[in-house]
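First the structure, in the form of structure tokens, and then the observations on it.
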Amino acid sequence: MKLDLKNTGNKPTGKFSLGMFTLVICFLYMPLMILIVYSFNESRMMSWSGFSLRWYNSLFFESKNLWRSFGNSALIAVTSATISTIIGTLGAIGLYWYKFRFNKTIKVAAFVPMLIPEIIMGVSLLIFFAGIKLRLSLFTIFLAHTTFNIPFVLMVVMARLEEFDFSIVEAAYDLGAAELQTLTKVILPFAMPGIISGFLIAVTLSLEDFVITFFVSGPGSSTLPLHIFSMIRFGVSPVINALSVVMIAGTVVLAVLSRNVIKYMFQK
Amino acid sequence: MKGSLVTIKNVEKSFGGFRALKGVSLEIKKGEFYSLLGPSGCGKTTLLRIIAGFEEPSAGAVLLDGRDMVPIPANRRPVNTIFQTYALFPHLTVFENVAFPLRLKKLPNATVKDKVQQFLELVKLPNEGKKLPAQLSGGQKQRVAIARALINEPSVLLLDEPLSALDAKLRQHMLIELDTIHDKIGITFIYVTHDQQEALSVSDRVAVMNEGEIVQIGTPFEIYESPTSPFVAHFIGETNYIIGAVTRLIDEVRVEIEFPEIGAVVAYRDKPLSVGDSVKMTIRPEKIRISTELPEGLSEKFNVLSGNVDEVIYSGFQSKFFVRMGERTMFRVFKQHVRYFMDEKAINWKDQVYIWWHYNDSFIVEVGET
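Protein sequence lines, in the order shown, are assigned to chains A and B.
Per this note's numbering, the first sequence starts with residue 98, numbered consecutively.
Per this note's numbering, the second sequence starts with residue 1201, numbered consecutively.
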């Protein structure tokens, strides 16, 4: 049997890949499709009884608490992502730039929070906040989210800097740049794609976090995931379906937008 | 010393327990094309980095125009570097890369534009200003790096193996271009390389380094034709060594040496020697002539030996012959193909051949114990 290597790249899909493709589509997108369809269902039950926008109506006009939680989530996501991006970026640059005694130790230590099960993080943060007598509130959620976001930003920015030839920093010095100028004119612009990705990852992680938030949230400081969870305890409300559709739409728009923005910024 | 621009005085550098530089002293004149040549790990790059200001010497002084450079940080020294990896700023266009030093000085836009254009023309890239470094070929990146390093008008340009990432043909070409640029702008170049061809072809002077020390300083001609140590003879070009004992001091310039398996050979005498000294003699392979027939009418100034061809390596413009003189002695002989196959009988494997050279070309690089 002769294998035509030249054409394997354009070969039509075989039976196996077609099967895999179907399975992936089924498990990944079918539930989403069902959810979208049922968000327009008249009935509260899982049987179709006609098209209606009543759940959207109820989502937008009768769910004040849900929107307050959404606001909390957005606030925490943006603030914690911003702070963790700043700390993570500076940390990554510091670890890359300066070779000092505990450099490796810090690198390892910084990644530990990524590996620890969330529930342990949650419990330990709760004990810690209780220990320093910090009242549980949005602020403690913000602290917790910043804590678990830093390693992700650090990792993404460091991965970007790994590609950076250190001679470039030396070249900047050599050509007359001071340390701060080297940072702002050379290192930061180069690391920018990494910093933006780090920020987006941090926003996402913060928005979707449930376990850690569950431990460190106080009365009146519910986030969106916590709120949805509490709603589900009293049965799946189709309002959640409607909310999910809105969020899916929002995510798709943001993803496309950020992709194009990054493309515009770096491949001009 | 008067007239020297860069003075290196007893510079030492240790990394942990490793002594990278063991007291190096150099004088580099204004406008010189000066090469630091040596195998990897000999300390040449460390020395360059000390001059640039990226490393601090453990001891010793670096003077530029009589001014001590050691306390001055890299960004305020009037020297610029061309890095082995070019180190172009990947996020900036070619134009902005070259303009970088000027932008730091906050010069007006029009001045920057004129000057960058002038330097892009110097390196023959007048129309590539808008490209990003990633869109350039290796040779073009090199040119941008040169323009960027020169635009500050440094008094010394440091080049750290600048051509090592280019292919052989381009390397030759860029080398000539570097030489042209050097002639045009007339500043001092300090060129670090491990490639003896590069160093010999463009330098005014070469310092050969080994294991953190300078072993010889001289013009390319001196370094190649009269190496003062076996290391230099061996590192610069190919050579033959043989160890023998002095049997007779013929006159002021000639000495007779007896070699096992070969017999008596006359060599150039430029060192104090006495009968009975054990010496290491060197003779460059291209200085030896080879033929299957005994040459006629040679003067007594030539040494003539005979042996068998052990191996022939044909490499286009020349052939290399390994001529066996005895069980432990082998001579390398290079023969240029001026008119191959036309002027004489071809020399083949296992042929018995005669080799001969002028006594002047064989000289002693090491005098050992008796």
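C-beta: ideal position from N, C-alpha, C; glycine also.
The beta strand (DSSP E) with residue i in it runs from where to where?
i	result
T1447/B	N1440 to L1449
R1489/B	R1489 to S1491
Y1468/B	G1463 to Y1468
Y126/A	Segment K112 to S136 is the alpha helix (DSSP H) holding Y126/A; no beta strand (DSSP E) there.
W152/A	Segment R151 to F158 is the alpha helix (DSSP H) holding W152/A; no beta strand (DSSP E) there.
D271/A	Taken as a continuous stretch (DSSP letters only), D271/A belongs to no beta strand (DSSP E), being part of the alpha helix (DSSP H) at F263 to D271.
I1555/B	Q1552 to H1558
L321/A	Run containing L321/A: none in the beta strand (DSSP E); it sits in the alpha helix (DSSP H), L321 to I329.
S1235/B	F1233 to L1237
G1260/B	A1259 to L1264
Check this for me: beta carbons of residue i and residue j, under 8 Å apart or not?
i	j	result
L235/A	S318/A	yes
G1238/B	L1221/B	no
G1418/B	V1406/B	yes
K1369/B	L1288/B	no
T1482/B	V1567/B	no
V1298/B	A1347/B	yes
G291/A	A256/A	yes
T1447/B	I1457/B	yes
V175/A	V350/A	no
L1263/B	T1311/B	no
I1443/B	K1487/B	no
V313/A	L233/A	yes
T1492/B	K1550/B	no
S1499/B	A1445/B	no
W1556/B	P1495/B	yes
K1230/B	L1205/B	yes
I247/A	S181/A	yes
At what residues does the alpha helix (DSSP H) containing residue i begin and finish?
i	result
T301/A	L285 to E305
H1434/B	P1430 to F1435
N200/A	N200 to L212
Y195/A	Premise fails: Y195/A is in no alpha helix (DSSP H) and is neither H nor E.
G1217/B	That residue, G1217/B, is in no alpha helix (DSSP H); it is neither H nor E in DSSP.
V253/A	L235 to E259
V1294/B	V1294 to L1304
R1371/B	A1368 to I1385
M218/A	E215 to G228
G1568/B	G1568/B -> not in any alpha helix (DSSP H); beta strand (DSSP E) instead, spanning S1562 to G1568.
Could you compute how far the alpha carbon of residue i sits from the alpha carbon of residue j?
i	j	result
L1366/B	F1534/B	28 Å
G1266/B	S1235/B	21 Å
E1147/B	I1547/B	The displayed coordinates of chain B run from 1201 to 1570. Any statement about residue 1147/B would go beyond what the structure contains.
L1292/B	T1388/B	28 Å
P1326/B	D1314/B	11 Å
A241/A	N1309/B	48 Å
K1324/B	D1383/B	16 Å
N1210/B	V1279/B	20 Å
I190/A	L258/A	8 Å
R151/A	I337/A	12 Å
V358/A	F287/A	16 Å
L1307/B	E267/A	22 Å
S1214/B	R1532/B	39 Å
P1271/B	L187/A	28 Å
N138/A	F226/A	44 Å
N1508/B	M1525/B	7 Å
Y1441/B	Q1372/B	30 Å
F1502/B	L1378/B	41 Å
I1351/B	S1474/B	57 Å
K230/A	P214/A	24 Å
Y135/A	G228/A	46 Å
G1241/B	E1232/B	25 Å
Mind pulling the chain E residues with CB within less than 9 Å of residue i?
i	result
E267/A	No chain E is part of this structure, whose protein chains are labelled A and B.
Quiz item: When the Cβ atoms of the stretch 143-158 of chain A are set against those of the stretch 168-183 of chain A, are three or more pairs found closer than 8 Å?
Solution: No, because fewer than three Cβ pairs between the stretch 143-158 of chain A and the stretch 168-183 of chain A fall closer than 8 Å, the two stretches do not touch.
Self-check item: Positions along the stretch 234-265 of chain A whose CB lies within less than 7 Å of some CB in chain B
Solution: Sequence-ordered contacts of the stretch 234-265 of chain A with chain B read D262, S264 and I265 [C-beta pairs closer than 7 Å].
Self-check item: Cβ pair count under 8 Å reaching 3, the stretch 195-204 of chain A against the stretch 324-334 of chain A
Solution: In short, these stretches do not touch, since the Cβ pair count stays below three.
Quiz item: Listed in chain order, which residues of the stretch 1289-1310 of chain B have Cβ atoms closer than 9 Å to some Cβ of chain A?
Solution: Within the stretch 1289-1310 of chain B, the qualifying residues are F1289, P1290, H1291, L1292, F1300, P1301, R1303, L1304 and K1305.
Quiz item: Using a beta-carbon distance cut-off of less than 9 Å, what residues from the stretch 269-298 of chain A approach chain B?
Solution: Only those residues of the stretch 269-298 of chain A whose C-beta falls short of 9 Å from the nearest C-beta of chain B are listed: A269, Y270, D271, L272, G273, A274, A275, E276, Q278, T279, K282, V283, P286, F287 and M289.
Exercise. Taking 8 Å as the threshold, find out whether the stretch 1359-1376 of chain B comes into contact with the stretch 1389-1407 of chain B through three or more Cβ pairs.
Key: Look at the beta carbons and you see the stretch 1359-1376 of chain B touching the stretch 1389-1407 of chain B: at least three pairs across the two are nearer than 8 Å.
Quiz item: Hey, is the stretch 290-299 of chain A in contact with the stretch 267-279 of chain A, meaning 3+ C-beta pairs nearer than 8 Å?
Solution: These segments do not touch.
Quiz item: Does the stretch 267-275 of chain A come close enough to the stretch 1270-1289 of chain B to have 3 or more Cβ pairs within less than 8 Å?
Solution: In this structure the stretch 267-275 of chain A lies against the stretch 1270-1289 of chain B, because at least three pairs of beta carbons, one per stretch, are closer than 8 Å.
Self-check item: Contacting positions in the stretch 1276-1287 of chain B - beta carbon closer than 7 Å to chain A
Solution: Within the stretch 1276-1287 of chain B, the residues whose Cβ lies closer than 7 Å to any Cβ of chain A are, in chain order, N1280, T1281, F1283, T1285 and A1287.
Quiz item: Listed in chain order, which residues of the stretch 1349-1381 of chain B have Cβ atoms closer than 7 Å to some Cβ of chain A?
Solution: For chain A, the residues of the stretch 1349-1381 of chain B that bring a beta carbon within less than 7 Å of one of its beta carbons are N1352, in chain order.
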